[in-house]
Every structure is written in C-alpha cells, then in structure tokens.
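Undergrad: Residue numbers (UniProt numbering): 1 to 958. Below is one structure. I have some questions about it.
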C-alpha cells in the first residue's frame with residue numbers, strides 16, 4: 001500500500017511539474033514584451049542593428065541595446081536612434097573598435113534597456129537568416145544564434161590563435177541528399193579568421209552520438225563552399241538514438257568540434273529521411289533542425305498489425321495480418337512485393353517468403369504459408385530463434401524490414417505449436433511474443449520440466465527428490481524412456497549413473513551411496529555436476545539438473561558431509577551454478593591434515609598474509625603482475641602466489657619465491673592464516689576449502705583484481721551474489737566504477753579506479769610486426785565437439801581464415817595472421833582444419849602468453865574478448881566480428897555496445913577484410929575518434945596501476 005502511495009505521489013508530482021513548465025513556456029512566448037530584430041548589417045567598421053519596439057517605446061529618449069551574460073552582467077551597451085519618426089524601428093550602431101570584451105569565449109544575450117526595465121530581443125518573422133551569420137571585431141568572432149523561444153544571442157569566440165578559445169566556425173548546411181549508399185552534403189563555411197597553420201589541417205563532417213561513437217568523412221572546401229560525402233555501410237548508423245552534426249578539426253593531436261547549422265528557411269523546414277538496412281534490422285535515419293542546429297535521430301523500423309492470426313495444419317502455418325489502409329505506406333504502391341522475413345539470431349541470415357495481399361475497403365490483409373521444414377529439422381541442444389519482419393524489396397535488391405509487433409501474439413502461440421520426433425528426441429516449432437511483444441519463432445527440444453525440490457542425507461546415502469515431466473501431450477503419450485541421474489566429473493568426464501524411481505508420472509526420488517562418490521574423485525579439488533538422462537528407443541536427452549527455488553550465492557554451501565577411508569578424508573559441498581544447477585565441490589585431505597585444519601582454524605591470526613592468484617593453472621594476468629610487483633618492491637611482506645603444481649606457468653612465479661601449490665599442506669596452512677585473498681576471478685580458485693566454512697576467510701580482506709574491463713557481457717560478480725562479497729573491487733575508469741556501483745550493488749568506497757595490474761608492463765618491449773591477431777571468444781553453449789562443428793561460430797571463423805578475400809589481402813600487404821582459438825576448440829582445429837596458407841599460423845595454447853601476442857601483433861580481430869581493451873590501451877586498431885550479438889548478449893549487456901567496443905564493428909567476412917585493409921592503410925593506427933572515447937575505458941594511462949592497487953589493499957580497513 002505504501003509503495004502504491006509513493007508511486008501515485010511521484011506521478012502527480014511529474015504531472016504538476018509538466019503543467020508548470022507548460023505555463024512558463026506559454027508566458028515566455030506570448031505574454032512577455034520583446035524587441036523584434038528586423039535586420040543586422042555588417043558595415044566594415046561597424047554593426048547596425050534594426051529592432052522594432054512597441055509604440056510606447058518608439059520615442060523613448062534613452063533606449064539602449066545591451067550585450068550581457070545569462071546572469072545579467074553587462075559587457076556592451078549602445079544608445080539607439082529612431083531614424084524615422086513615424087516608425088517603431090530603432091537603429092543601434094556599434095563601432096567594432098569599441099567592442100571590449102574579456103579575452104575568452106562566452107555567450108552574450110541581447111536585450112533592450114528602457115530606464116530600469118530590460119526587454120529581451122527576439123527575431124521578427126521577416127528576419128532573413130541567410131543574410132547574416134556572424135561578424136568579426138578586433139578580438140572576437142560573434143556567431144548569431146537563437147533559442148527555442150526565438151530569442152537572440154551571440155556565441156563569442158576569442159581570436160588569439162588558439163583553437164580552445166573558439167566556440168564556432170560559421171557554417172550553413174544548404175543541402176543534404178541521400179543517394180543509394182551515401183549521404184551528400186553541401187553548404188557554406190567561413191574560415192577567414194583562422195591562422196594559416198590551422199587552415200592546413202583536414203576538416204571533417206562528423207555525425208556523433210553523445211557517448212562519442214561517430215561517423216565522419218573529409219570535407220572538400222573551395223573558398224567559402226564545402227561538399228562532403230558519407231559512404232554508408234551496414235554498421236554506419238546501427239545504433240539507435242540521437243546524433244549531432246559537427247565540423248571536426250584535428251589540430252596539435254587534439255580534436256575540436258563545432259556545431260553545424262541550417263539557416264536557409266526552406267532547408268530548416270525540410271527533413272532528410274532514408275532507410276538503412278543493417279545486418280540485423282532496418283534503421284530509419286531522420287534529420288531535424290532545432291533552433292538552427294541540425295540533429296539526426298535513428299530508430300529500428302517496426303510495424304504493428306491491427307490483427308494477426310495463425311492457422312496450422314501439421315508442419316504448415318498460415319500467417320495472416322490485417323492493417324487499416326491509412327496506417328502504413330508500404331502497401332500503397334501496387335508494384336511493391338511484400339515478404340515475410342525470418343532472421344536467424346545466431347547467424348543474422350534471412351529467409352524470405354513472399355506474401356499475398358487483399359484489399360477490402362479500408363483494410364489490407366497480407367498472408368502467407370510457412371512450412372516449418374524449410375527451417376531444418378536438425379538435432380540441437382539449444383533453442384534456435386528467428387525474429388520476424390515484413391520486408392519490402394528495393395530497386396537495389398535490398399530489403400526494408402519492419403519488425404512485427406503485436407500485443408496479442410502470445411494468445412495464439414499454442415495454435416502454432418508443432419511437436420514431432422526427430423533423431424532420438426522430440427522437438428517443436430512455435431511462434432511467440434518477446435518481452436516487448438515482437439513476433440519471433442523458436443525451434444527447440446520439447447519442453448521438459450525437471451527440478452529438485454528436496455535434498456538430504458540419510459543412512460550414508462544422499463537423496464534427491466523432485467519432478468520430471470514433459471509439457472507436451474504428444475511426448476507423454478508417444479515416448480517411452482527410463483530416467484537416470486548421472487554424476488559427472490567436470491575435469492575428466494568420468495561418471496556414475498543411478499536409475500530414478502518415478503511416481504505419479506512425474507515425482508522422482510533417487511538414493512546415492514556416499515561411499516561411491518570417490519570412484520570419480522581423484523584430484524585434490526573436483527567439481528561434480530548432476531545430469532538428468534532420459535534414455536529410450538526414440539529418445540536420448542542429457543540435461544543439467546537444478547533447484548526449482550533457490551537464492552544464488554557463489555560462496556553458499558547448501559549441504560556438506562564427509563566420508564573417510566584409512567588415509568584420506570573426502571569432503572563434499574553441495575552448491576549451485578548461477579542458473580540453479582546443483583553440483584558438488586569436493587576436496588581430498590589426508591586424515592591428519594584435515595584434523596589439523598579444524599584445530600588451526602580456531603586459533604586467531606594476527607599476521608599479514610596475502611594470497612594472490614588467477615585461474616588455478618595460469619600466471620599471466622593481473623594476479624601475476626600484481627604478485628611480481630609485490631615481490632620486487634616489498635620482499636619482506638608475506639605475499640604468496642597460488643597455482644596448480646602442473647601449470648606450465650609455475651616456473652614464471654617460482655623465480656620470485658613464495659609459491660603455494662594448490663592442495664599442498666603449506667597452501668592449506670597459509671590459507672587458514674591469510675588476512676587477504678586477492679584474485680582475478682572467484683576466490684574459490686585460490687582456496688583449498690570452501691571459504692565460508694572458516695572464520696579467517698570471513699574476516700579477511702577480499703579483493704577482486706578483475707580479469708579485464710567490465711561493460712560487455714553480464715558477469716556474475718554482483719555483490720548480492722555473495723554472502724561474503726569483495727571488500728575491494730578494482731576498475732579502470734570512473735565510468736566503469738559508476739556501472740559497478742549502480743548495477744552490481746557495491747558502495748562507492750568499495751570500488752577503486754586504479755587501472756588493471758597488467759597494464760603497467762604492457763608497453764615494455766612493444767615492437768609490433770606486420771601481423772594480425774585473430775582471437776575469438778568462446779561460446780558457453782557449445783559443450784561438445786558435435787555442437788562445435790555444427791555451430792555458426794565454427795562456420796564463421798573457419799570460413800574467414802579459409803576465404804580467398806583474406807588470402808588476397810595478406811598477400812597484397814605482406815601480412816601474417818596468428819589464429820589463437822579458445823583452448824576448447826584448439827585440438828579439433830589442429831587435427832581437422834588444414835592451414836593451407838603459409839601466412840596463417842595456428843598459435844597453440846601455452847606456446848606464447850596472451851600478453852606476448854598482444855605486443856607482437858599490429859591489428860586485432862575478435863568478437864567480444866576483453867583482451868581487446870589491452871590492444872586499445874596500446875593505441876592499436878581492433879576490429880569486432882559481431883555475427884551473433886543477439887545470442888551472445890541474450891542474458892544482458894552491461895553498457896551500450898558503442899561505449900566499450902572501440903573500433904570497427906562488422907558482421908561479414910567481406911566487411912572484415914575491408915576494415916583490415918583500411919587499418920593497414922592507416923599504418924596500423926587506431927581511428928582518431930577512438931582517442932576521444934578512451935576516457936570512458938581508461939581514466940589513467942600510466943605505469944602506476946600496481947602501486948595504486950597495493951596502497952588501496954594496504955590501507956583497507958575491515
């Protein structure tokens with residue numbers, strides 16, 4: 001009730017505020033007195049203003065024109081003269097030599113003073129903006145402007161030869177035309193006040209988003225006229241929102257941007273609108289002029305049918321949509337072919353199906369049939385999804401695609417569901433409405449409800465209870481299977497299986513002897529996943545098993561127990577994944593050590609002992625660099641590095657001393673004494689036990705060094721995912737800190753802007769070759785070799801490295817490409833994918849560190865990898881291959897794509913090769929606009945990150 005009252009109060013408050021603003025605007029526009037600016041003339045040594053006033057002021061003997069700041073401070077005033085006694089027009093003549101203003105840039109408003117009363121000046125309806133844009137005094141350039149109330153003001157730039165003091169470059173856009181794949185601009189520009197050095201610089205026309213992402217092109221300037229031509233690519237305006245127009249000059253390594261204006265009355269009234277097909281959807285680009293400034297707005301096209309109907313017969317669905325005739329324009333042209341277009345999310349490939357149409361009075365009906373079989377009946381583990389559009393084919397054989405939206409879609413989805421047997425499982429097709437009521441289609445395995453509702457220990461057995469059942473009547477009536485629970489060692493895939501007892505067709509119970517767990521546990525630390533297996537003559541399905549209701553905490557233990565033999569103690573801790581899937585985290589201790597642990601854990605610890613680490617098998621990231629810094633600068637401190645004894649990186653840290661092999665007695669003892677745990681990932685990686693079970697862990701400082709820069713894929717490091725969260729969260733910029741505070745729930749003082757530890761060494765021995773690093777990110781949904789081979793991920797990357805276009809550009813520019821695939825696909829590529837080009841090399845895992853690869857290569861091609869930030873830190877170009885962004889970011893993205901992907905974004909092999917060639921022709925330099933956007937990623941670009949991190953940890957108080 002209280003929340004409802006607050007909501008109503010906020011709504012009323014907003015409405016009152018809106019009404020108050022409307023009243024204020026009405027008073028300003030209609031009830032206040034104004035002087036009307038009729039004309040301005042620049043007469044060499046003087047400026048003449050002609051201003052019309054009310055009758056009662058026409059013969060006022062002491063009326064003055066004022067130049068003043070927003071807060072009312074007057075800097076220039078001149079007395080007016082009524083030249084024609086019968087007229088209400090007053091002339092104000094200002095000698096340019098008399099204009100004495102402060103030596104800086106500033107905004108000056110224009111008012112009339114009669115006695116003690118000030119009256120603002122606005123433009124009369126007859127004022128011709130094309131006739132006057134600016135004037136020059138001895139020290140300033142004055143650009144004529146107006147606000148939303150049509151009131152006059154000047155932007156004054158101080159002319160001292162420095163670009164920083166210039167507000168504006170006088171300019172006018174006289175023409176904008178969209179022609180096929182380009183936008184053509186022409187207009188006037190006045191540069192006579194700039195010095196000779198500045199005039200030698202290249203001027204650009206730039207269309208820019210508020211966050212710094214932009215599209216720009218060089219301007220061709222001839223006298224006071226310019227032309228510019230933006231070549232449109234699929235990714236040019238693929239970001240929806242507001243854009244501003246600028247003239248941009250790069251001078252003395254800095255960029256200076258000046259607004260672009262439209263003064264021509266006809267041009268101000270007209271808008272430029274065109275549709276730009278992208279690799280995903282069609283973008284509408286539309287210009288608008290506000291107070292003389294030009295803006296653009298981009299949005300994805302959508303269309304909302306009045307009614308939508310589905311009728312299915314076996315695998316064929318008839319889709320019918322109705323529109324009122326005046327609602328849409330795309331059907332008004334009889335010659336236009338209309339298509340139902342299906343875009344597959346993981347490939348961005350379209351299927352087009354022609355639609356028929358009927359017109360009855362004011363209603364247009366379009367319809368077509370979809371045979372699900374054209375979408376393929378292949379076996380798959382994850383759902384495959386298509387987004388649906390109405391597409392209109394253009395003369396250039398492109399499509400203008402309108403995303404279909406309808407609030408009633410989910411009412412009809414059951415009528416579109418088609419369930420069938422296929423390759424030892426059951427699948428279904430179904431139309432559905434997305435979160436925003438957009439029409440989509442899914443192909444997936446038949447829905448299986450499976451969950452654990454209860455778990456417990458009894459008589460040395462571990463019990464699970466829950467439910468298993470298919471939603472579809474077809475499956476329940478036609479498919480016979482036997483259910484099993486399988487415990488699977490995540491490291492080596494060894495497994496044990498138990499048949500499940502099912503009652504009432506859905507309730508299950510299974511009992512597992514604890515003594516049998518150790519048959520699949522042989523390393524100090526293991527993870528055992530739970531799978532449900534359904535096995536029958538016509539079905540085989542293996543899926544993870546999880547809780548129906550749970551609160552996820554990374555460090556939470558739901559249930560724990562031990563088993564012992566003559567020499568060892570086996571400890572099992574029941575935990576969950578972020579999705580609620582259950583797993584055991586096991587540890588093997590010598591019996592003597594296990595008893596010692598319990599004793600030592602009760603002794604209060606007073607020493608400063610820091611444990612540092614990354615993933616168990618690596619020493620090449622922020623953990624390694626921070627440990628290196630501590631050992632080199634503070635050898636007297638007890639700082640230890642935790643690593644797997646079998647890791648190929650162990651030799652790197654052994655040279656510094658203080659190395660703890662995971663699971664060793666020394667590791668266990670130091671972990672029980674530690675006052676700080678410092679990791680790049682979850683601290684479980686560097687612990688020899690579940691930390692939450694020991695008091696010293698709860699009391700110790702917990703520091704998150706990070707693996708990279710956050711902002712892309714949503715990651716589970718939120719504060720509410722831990723019962724004992726991080727005390728210190730390391731970030732690289734203020735923008736990243738703001739995001740961690742707002743979205744992850746940490747307090748301001750818990751998040752520190754230090755920069756990443758590994759960045760300190762990044763610039764040492766940096767001698768890049770004429771080589772390209774291709775480094776894809778893994779897809780978590782690919783969990784088998786078969787999935788890999790069938791995935792669009794595999795197809796896109798192998799297709800790229802084997803393409804003739806890539807081979808040609810490598811040969812043409814004498815380049816090499818180093819392909820560093822994720823370790824999970826390395827072996828398959830090594831065994832089955834021939835590298836027939838001497839210029840393409842497969843870099844094997846462990847052959848070189850990632851940091852070495854970053855330093856040696858001049859261009860990076862990746863999709864979503866966070867190591868691209870390191871490349872950007874070094875000022876080298878990154879090209880992003882985004883062919884499945886919808887799928888990759890299905891669980892959310894932390895910041896808009898354009899904020900953290902600083903480089904060209906492409907979706908096809910062809911575009912990728914073009915961007916590689918462009919980067920080579922720039923002499924392997926990043927685009928100039930990237931520099932301006934770096935501050936959102938890196939607040940500091942020095943070599944003191946480790947020092948800052950160390951001090952933050954040292955002086956952290958708990």
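Beta carbons: idealized from backbone N, C-alpha and C, even for Gly. Just so we're clear, the structure is a prediction, and the values are computed from it rather than from any experiment.
Is residue 805 near residue 913, with beta carbons less than 8 Å apart?
TA: Reading the chain shown from its first residue, position 805 is the one you call residue 805. Reading the chain shown from its first residue, position 913 is the one you call residue 913. Yes, the pair counts as a contact, with Cβ atoms nearer than the cut-off.
Undergrad: Is residue 968 buried or exposed, if buried means 16 or more other CB atoms sit within 10 Å of its CB?
TA: Limits of the chain in this structure are 1 at one end and 958 at the other, which puts residue 968 out of reach.
Undergrad: Under a three-way DSSP split, which group does residue 870 fall into?
TA: Numbered from its first residue, the chain shown carries residue 870 at position 870. Of the three classes helix, strand and coil, the one that applies to residue 870 here is helix, per DSSP.
Undergrad: For a test of the three-state rule: what should DSSP assign to residue 909, helix, strand or coil?
TA: Here residue 909 corresponds to residue number 909 of the chain shown, with the count starting at 1. Here residue 909 sits in helix by DSSP.
Undergrad: Considering only their Cβ atoms, is the gap separating residue 768 from residue 841 smaller than 8 Å?
TA: Your numbering for residue 841 matches position 841 in the chain shown. Your numbering for residue 768 matches position 768 in the chain shown. No.
Undergrad: Does residue 49 pass the burial test, meaning 16 or more other C-beta atoms within 10 Å, or should it be called exposed?
TA: In the chain shown, the residue the question calls residue 49 occupies position 49. Under this definition residue 49 is a buried residue.
Undergrad: For residue 513, report the span of its alpha helix (DSSP H) as first-last.
TA: The residue given as residue 513 occupies position 513 in the chain shown. No alpha helix (DSSP H) contains residue 513, which is instead part of the beta strand (DSSP E) from 507-513.
Undergrad: Got a sec, what are the start and stop residues for the beta strand (DSSP E) residue 790 sits in?
TA: Within the chain shown, numbered from 1, the residue matching residue 790 stands at position 790. Premise fails: residue 790 lies in the alpha helix (DSSP H), 785-790, not in any beta strand (DSSP E).
Undergrad: Per DSSP, what kind of secondary structure is residue 137 in: helix, strand or coil?
TA: As a position in the chain shown, residue 137 is number 137, starting the count at 1. The answer is coil: DSSP assigns residue 137 none of H, G, I, E or B.
Undergrad: Does residue 957 pass the burial test, meaning 16 or more other C-beta atoms within 10 Å, or should it be called exposed?
TA: Start at 1 with the first residue of the chain shown, and residue 957 comes out as number 957. Burial call: exposed.
Undergrad: Identify every residue that forms a DSSP beta bridge with residue 574.
TA: Position 574 of the chain shown, counted from the start, is the residue given in the question as residue 574. 559 and 584.
Undergrad: Who are residue 399's beta bridge partners in DSSP?
TA: As a first step, residue 399 is located in the chain shown; it is residue number 399 there, counting from the start. 393.
Undergrad: For residue 316, collect the residues of the same chain with a Cβ closer than 8 Å to its Cβ; drop the 5 residues on either side in sequence, then sort them by chain order.
TA: Translated into the one-based positions of the chain shown, residue 316 becomes position 316. The answer, listed in chain order, is 369, 370, 371 and 372.
Undergrad: Going straight from the alpha carbon of residue 90 to that of residue 97, what length do you get?
TA: Stepping through the chain shown from its first residue, residue 90 is reached at position 90. Stepping through the chain shown from its first residue, residue 97 is reached at position 97. If you take the alpha carbons of residue 90 and residue 97, they lie about 22 Å apart.
Undergrad: Report yes or no: do the segment 194-206 and the segment 243-258 share at least 3 C-beta pairs separated by less than 8 Å?
TA: The segment 194-206, when compared against the segment 243-258, does touch it at the 8 Å Cβ threshold.
Undergrad: Under DSSP, the beta strand (DSSP E) around residue 966 begins and ends at which residues?
TA: Nothing about residue 966 can be read from this structure; the chain reaches only from 1 to 958.
Undergrad: Going by DSSP, which residues form a beta bridge with residue 433?
TA: As a position in the chain shown, residue 433 is number 433, starting the count at 1. Note: residue 433 sits in a beta bridge opposite 439.
Undergrad: Classify residue 18: buried if its beta carbon has 16 or more other beta carbons within 10 angstroms, exposed otherwise.
TA: As a first step, residue 18 must be located in the chain shown, where it is residue number 18. Exposed, because fewer than 16 other Cβ atoms sit within 10 Å of the Cβ of residue 18.
Undergrad: Applying the criterion that 16 or more other CB atoms from any shown protein chain within 10 Å of the CB defines a buried residue, is residue 69 buried or exposed?
TA: As a working mapping, residue 69 is identified with position 69 in the chain shown. Label assigned to residue 69: exposed.
Undergrad: Restricting to Cα atoms, I'd like to know which of 820, 530, 722 and 783 is closest to residue 983.
TA: What is shown of the chain runs 1 to 958, which leaves residue 983 out entirely.
Undergrad: Please report how far the alpha carbon of residue 887 lies from the alpha carbon of residue 511, in whole angstroms.
TA: For the purposes of this step, residue 887 is identified with residue 887 of the chain shown, where counting begins at 1. For the purposes of this step, residue 511 is identified with residue 511 of the chain shown, where counting begins at 1. Their Cα atoms are separated by approximately 38 Å.
Undergrad: Suppose contacts are defined by Cβ-Cβ distances below 8 Å. Is residue 301 in contact with residue 401 by that definition?
TA: As a working note, residue 301 is residue 301 in the chain shown. As a working note, residue 401 is residue 401 in the chain shown. Yes.
Undergrad: Among the residues of its own chain, which have a CB less than 7 Å from the CB of residue 342, if the five just before and after it don't count?
TA: Locating residue 342 in the chain shown gives position 342, counting from the first residue. Only 350, 351, 386, 388 and 441 meet the Cβ criterion.
Undergrad: Using the C-alpha atoms, what's the distance from residue 637 back to residue 943?
TA: As a working note, residue 943 is residue 943 in the chain shown. As a working note, residue 637 is residue 637 in the chain shown. If you take the alpha carbons of residue 943 and residue 637, they lie about 22 Å apart.
Undergrad: By the three-class DSSP mapping on this structure, what secondary structure does residue 163 have?
TA: Stepping through the chain shown from its first residue, residue 163 is reached at position 163. Three-state result, residue 163: helix.
Undergrad: Per DSSP, what are the beta-bridge partners of residue 386 in this structure?
TA: Looking up residue 386 in the chain shown gives position 386. The partner list for residue 386 (beta bridge, DSSP) reads 344 and 441.
Undergrad: Please list, in chain order, all residues of the same chain as residue 631 whose beta carbon is under 6 Å from its beta carbon, the five residues on each side excluded.
TA: The sequence position of residue 631 within the chain shown is 631, counting from 1. Once the five neighbours on either side are set aside, the close Cβ partners of residue 631 are 656.
Undergrad: Leaving out the 5 sequence neighbours to the left and right, which residues in its chain are closer than 8 Å to residue 479 when beta-carbon positions are compared?
TA: Taking the chain shown and counting its residues from 1, the one referred to as residue 479 is at position 479. Excluding sequence neighbours, residue 479 sits near 421, 426, 470, 536, 538 and 539.
Undergrad: Return the chain-ordered list of same chain residues with a C-beta closer than 8 Å to the C-beta of residue 14, the five sequence neighbours on each side being excluded.
TA: Looking up residue 14 in the chain shown gives position 14. Once the five neighbours on either side are set aside, residue 14 has no close Cβ partner at all.
Undergrad: How many Å lie between residue 202 and residue 277 at the Cα?
TA: Within the chain shown, the letter at position 202 stands for residue 202. Within the chain shown, the letter at position 277 stands for residue 277. So the two alpha carbons sit approximately 30 Å from each other.
Undergrad: Would residue 533 and residue 506 be called neighbours here (beta carbons separated by less than 8 Å)?
TA: Here residue 533 is taken as the residue at index 533 of the chain shown, counted from 1. Here residue 506 is taken as the residue at index 506 of the chain shown, counted from 1. No, the pair does not count as a contact, with Cβ atoms beyond the cut-off.
Undergrad: What's the gap between the Cα of residue 960 and the Cα of residue 179?
TA: One cannot answer for residue 960 here, as it falls past the ends of the chain, which runs 1 to 958.
Undergrad: Please name the residue or residues paired with residue 526 in a DSSP beta bridge.
TA: To locate residue 526, count along the chain shown from 1; it is residue 526. Note: residue 526 sits in a beta bridge opposite 586.
Undergrad: Cutting at 6 Å between CB atoms, please list the residues of its own chain near residue 955, excluding the five before and the five after it.
TA: Reading the chain shown from its first residue, position 955 is the one you call residue 955. Taken in chain order, the list of residues that qualify is empty.
Undergrad: Determine which residues share a DSSP beta bridge with residue 701 and list them.
TA: To locate residue 701, count along the chain shown from 1; it is residue 701. In DSSP, residue 701 forms a bridge with 676.
Undergrad: Is it true that the CB of residue 585 sits closer than 8 Å to the CB of residue 690?
TA: Residue numbering aside, residue 690 sits at position 690 when the chain shown is read from its first letter. Residue numbering aside, residue 585 sits at position 585 when the chain shown is read from its first letter. Yes, Cβ-Cβ distance for residue 690 and residue 585 is below 8 Å.
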